[in-house]
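Notes to accompany the following structure.
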Amino acid sequence: MNNLLTLKKSDTIVLSSSFMLGLAQILLWGGSFFILTILAEPIMKDTGWSQQYVYGSFSLALMVSGLLSPKIGKFIHSLDKNIMLLYAGVVMGVGLITIGLAQNIYFFILGWAIIGIAMSMGLHDALFASLGKKYGMQASQFIIQITLISGFVTTIIWPILTYLVSTYGWRITCFIYAIALIVFIVPIHYLTIYTNGRTESIKNDLNKLEGESISVTSNKSVYYLLLINFTIGSILMTGLYVHLIDILTNKNISLKEAIGISALLGPCQVGVRVLDIIFSKKTPIVTAVISSILVFSGLLILLFSPEISFLGIAFFGFGNGMRSILRGTLPLWIYGSDSYASIMGQLARFPLIAQALTPFIGGLIIQYFDITYFLEFLCGLAVLNILIMFILKKQVFQVRNT
10 MNNLLTLKKS DTIVLSSSFM LGLAQILLWG GSFFILTILA EPIMKDTGWS QQYVYGSFSL
70 ALMVSGLLSP KIGKFIHSLD KNIMLLYAGV VMGVGLITIG LAQNIYFFIL GWAIIGIAMS
130 MGLHDALFAS LGKKYGMQAS QFIIQITLIS GFVTTIIWPI LTYLVSTYGW RITCFIYAIA
190 LIVFIVPIHY LTIYTNGRTE SIKNDLNKLE GESISVTSNK SVYYLLLINF TIGSILMTGL
250 YVHLIDILTN KNISLKEAIG ISALLGPCQV GVRVLDIIFS KKTPIVTAVI SSILVFSGLL
310 ILLFSPEISF LGIAFFGFGN GMRSILRGTL PLWIYGSDSY ASIMGQLARF PLIAQALTPF
370 IGGLIIQYFD ITYFLEFLCG LAVLNILIMF ILKKQVFQVR NT
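Residue numbers are given in the working numbering: position 264 of the sequence shown equals residue 273, and the series is strictly consecutive.
Put into C-alpha cells, the structure is as follows:
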C-alpha cells in the first residue's frame with residue numbers, strides 16, 4: 010500500500026510538472042519559432058523591410074541558437090541549478106521588446122539575435138537536458154508528456170497572436186507577449202525544475218533504470234550517426250513545412266485543398282505522441298527506425314501519388330511527431346543521464362544550423378531546377394536516414410552486448 014501511494018504521488022508530480030512545463034514550452038516556442046508566421050506580413054507592410062531581411066533575421070536566430078547550444082549543454086551539466094532555463098523567458102522577452110521598438114532593420118536583427126540566445130537557453134534541447142540531469146532515465150516520461158502538450162502550440166498561440174495583431178498592431182503584440190514570457194516562465198521553471206526535488210520512487214527508478222542505459226560515450230560512430238540522423242530530420246521537417254503548399258499546388262491540387270490537407274500535420278504529430286504514451290514499452294531505437302520509415306513513406310506518396318496526398322501528410326506527421334519525442338528520449342536511452350546534458354547541447358548545433366540554411370538552399374534548388382526535384386532531394390535524404398538508423402541500431406546493440 011505504501012509503495013502504491015508513493016507511486017501515485019510520483020505520477021502526480023510527473024503529470025503536474027509536465028503540464029506546467031508544456032505550457033511554458035508553448036509560450037517559448039510561440040514567441041520564437043511560430044511568432045513570425047503571424048507577424049511577418051504586418052511587419053513588412055508597416056516598415057517596408059524585405060521578406061529576405063525579415064525571415065533572414067529568424068534564420069540568424071536559429072544560427073545563434075545552434076552555435077550556443079553546446080555551451081549551454083555544458084553549463085547545464087556543470088551547474089547544480091540551471092539558471093539558463095530559469096531566465097530563458099526573460100531573455101526572449103527582451104528580444105521581443107527590442108523587435109517591438111525597432112525603427113530600423115539592424116535593431117530588428119539584434120532582437121532576433123537575442124531571441125536566438127533565449128532559444129538555446131529554454132527550448133526543448135535545454136529543457137530535456139535539465140530534466141535528464143534532474144530525473145535521470147525517468148525524464149523520458151516528462152519528455153513524452155511535454156512534447157504532447159507543446160504540440161498544441163500553433164493551435165493555441167496563432168489565434169491569440171492573430172487577435173492581438175488585428176487589435177493592437179504588431180509592435181504592441183510583441184510587448185504583450187514579452188510581458189507574458191517574463192511573468193510566467195520564471196515561476197514555472199522555478200517551481201518545476203529549479204526547486205522541486207526527486208521523490209523516493211523516482212530515486213529508486215533511477216537506480217534501476219540507469220543500469221539499463223548503454224555506456225557508449227567513447228563510441229564516436231554512435232554519436233556521429235545520431236548527429237547525422239538528427240540533422241537530416243531537421244532538414245526534412247523544415248524543407249517540407251516551408252514548401253508544403255508549393256509542393257501540393259504543383260501536383261494540381263487547389264490552394265484551398267492544399268491548405269486543408271496541410272492542416273493534418275498538427276493533429277497527426279500530436280496523435281502519434283498519444284500513441285507513444287500508450288505503447289511505451291518499445292525501445293527508442295526501434296521507434297526511431299519506425300519514424301524514419303514513416304517520414305520516407307509520406308514523402309514518397311507526395312512524390313508519386315498526389316491523389317492520396319492526405320495519406321502522405323499523415324505518414325509524415327506521424328514520423329515527425331515521433332522524431333520530436335526521440336530528440337529527447339533517444340540520447341537519454343543511449344547515453345544515460347550522466348553525460349546527457351552536454352550530449353544534448355552538442356547534438357543540437359548542426360540540426361539548428363541546417364534548419365536555418367534549409368529554406369535558403371531549398372529556394373535555390375527550386376529556382377534552378379523545380380519543386381519536384383526538391384521533393385526528390387528530400388526523398389533521397391529520407392532513404393539515407395533509414396539506412397543510418399539501421400546502422401545505428403546495429404551499432405548500439407553491439408555495444409550493449411559487449
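The C-beta atom is built at its ideal place from N, Cα and C for all residues, glycine as well. Since the structure is predicted, the reported quantities are computational estimates derived from the model, not experimental observations.
Extent of the continuous alpha helix (DSSP H) to which residue i belongs
i, result
"Y377", "Y349 to Y377"
"K54", "I44 to T56"
"T182", "W179 to H198"
Coarse secondary structure for residue i, derived from DSSP in three states
i, result
"F319", "helix"
"A391", "helix"
"A272", "coil"
"K291", "coil"
"F161", "coil"
"T208", "The predicted position of T208 is uncertain, since its pLDDT is 43 and thus under 50; a value taken from the coordinates is nonetheless stated next. Note: T208 maps to coil in three-state DSSP."
"S25", "helix"
"S59", "coil"
"S314", "coil"
"S41", "coil"
"S175", "helix"
"G345", "coil"
"V405", "helix"
"L396", "helix"
Supposed close pair residue i, residue j - CB separation, criterion 8 Å
i, j, result
"H86", "A350", "4 Å"
"T247", "Q364", "5 Å"
"I197", "A33", "4 Å"
"I152", "I334", "6 Å"
"A323", "L273", "6 Å"
"G125", "L71", "7 Å"
"F184", "G104", "Actually they are not in contact, since the Cβ atoms of F184 and G104 sit about 12 Å apart, beyond 8 Å."
"L190", "G40", "6 Å"
"K402", "I294", "5 Å"
"T156", "S26", "Incorrect: roughly 14 Å between the Cβ atoms, too far for contact."
"F137", "G337", "4 Å"
"K142", "S346", "6 Å"
"T171", "I47", "6 Å"
"M128", "S74", "4 Å"
"V281", "G330", "4 Å"
"N238", "N394", "6 Å"
"I380", "D255", "5 Å"
"I158", "A97", "Contact flag wrong, Cβ pair sits at about 17 Å."
"I114", "W58", "5 Å"
"S230", "Q404", "6 Å"
"G5", "Q154", "No information on residue 5 is available, as it lies outside the stretch 10 to 411 that the chain covers here."
CB contact below 8 Å: residue i versus chain B
i, result
"G82", "No chain B is part of this structure, which consists of one protein chain only."
> Using 8 Å as the Cβ pair cut-off and three pairs as the minimum, do the stretch 350–357 and the stretch 133–143 touch?
Replying inline: Yes, the stretch 350–357 is in contact with the stretch 133–143.
>> List, from N- to C-terminal side, the alpha helix (DSSP H) runs of 4 residues or more that fit wholly inside the stretch 66–149.
In response: Unbroken alpha helix (DSSP H) runs of no fewer than 4 residues, entirely contained in the stretch 66–149, are found at 92–95, 97–110, 114–131 and 133–144, following chain order.
> Which ranges does the alpha helix (DSSP H) cover as unbroken runs of at least 4 residues, wholly within the stretch 228–278, from first to last along the chain?
Replying inline: Counting whole runs of 4 or more residues, the stretch 228–278 contains the alpha helix (DSSP H) stretches 229–259 and 264–271.
>> Taking 8 Å as the cut-off, does the stretch 386–394 touch the stretch 263–271 (at least 3 CB pairs, one atom from each stretch)?
In response: No contact exists between the stretch 263–271 and the stretch 386–394.
> Is it a yes or a no for the stretch 163–183 touching the stretch 42–57, going by three-plus beta-carbon pairs under 8 Å?
Replying inline: Short answer: they touch.
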